[in-house]
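> Every letter in the sequence shown is one number past the one before it in full-length UniProt numbering, and letter 84, counting from 1, is 84.
Even glycine gets a Cβ: it sits at the ideal position worked out from N, Cα and C.
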Amino acid sequence: DDKVLRRIRIADNNGESLKVLCFLMTHSGNHGTRVRSILETWGSKCTKLIIATNSTDGIDAKQHPFVEIYISEVSGYKQLWQRAQGVMGYIWNAYGTQYDWFYKVDD
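1. Tell me the DSSP bridge mates of M25?
2. Kindly list the residues whose CB is nearer than 8 Å to the CB of D107, restricted to its own chain and excluding five residues on each side of it in sequence; keep chain order.
3. Given a threshold of 16 other Cβ atoms within 10 Å of its Cβ, counted over all protein chains shown, does R9 qualify as buried or as exposed?
4. Taking the continuous alpha helix (DSSP H) assigned at W92, which residues delimit it?
5. Find the nearest neighbour of S55 within the set S28, E16, K19, judged by alpha-carbon distance.
6. Can you tell me the Cα-Cα spacing of R7 and Y103, whole angstroms?
7. Kindly give me the distance between the Cβ atoms of K19 and Y99, rounded to whole angstroms, as I take these residues to be in contact under 8 Å.
8. If we count the other Cβ atoms within 10 Å of its Cβ and call it buried at 16 or more, is T41 buried or exposed?
9. At what residues does the alpha helix (DSSP H) containing R9 begin and finish?
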């Protein structure tokens, strides 16, 4: 609802420039709905937004950075922690010292 979004205010950080890397755990079935909604709303507030998914179908790579992670033996809801561990390891190795905060979300 636009009324709710207009009420969101970002706290003053006293002039400090905090860098926040947000990463979204999702799958291709949510690209056209949940992922699109995140990209059109709060996702733009992140310094960097990474989409960890099983496919890039429906995501415009030129507009939105994403990471494809294929772990064939680790799939499905029951292995969510193993997938999250893999994504967090990748992000730490690639971006660990570049950001002040890391924010993990699921769709």
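Reading it off the structure:
1. A52, D106
2. L24, M25, T26, N30, R34, V35, I38
3. exposed
4. 80–95
5. S28
6. 22 Å
7. 5 Å
8. exposed
9. From DSSP, R9 is part of no alpha helix (DSSP H); its letter is neither H nor E.
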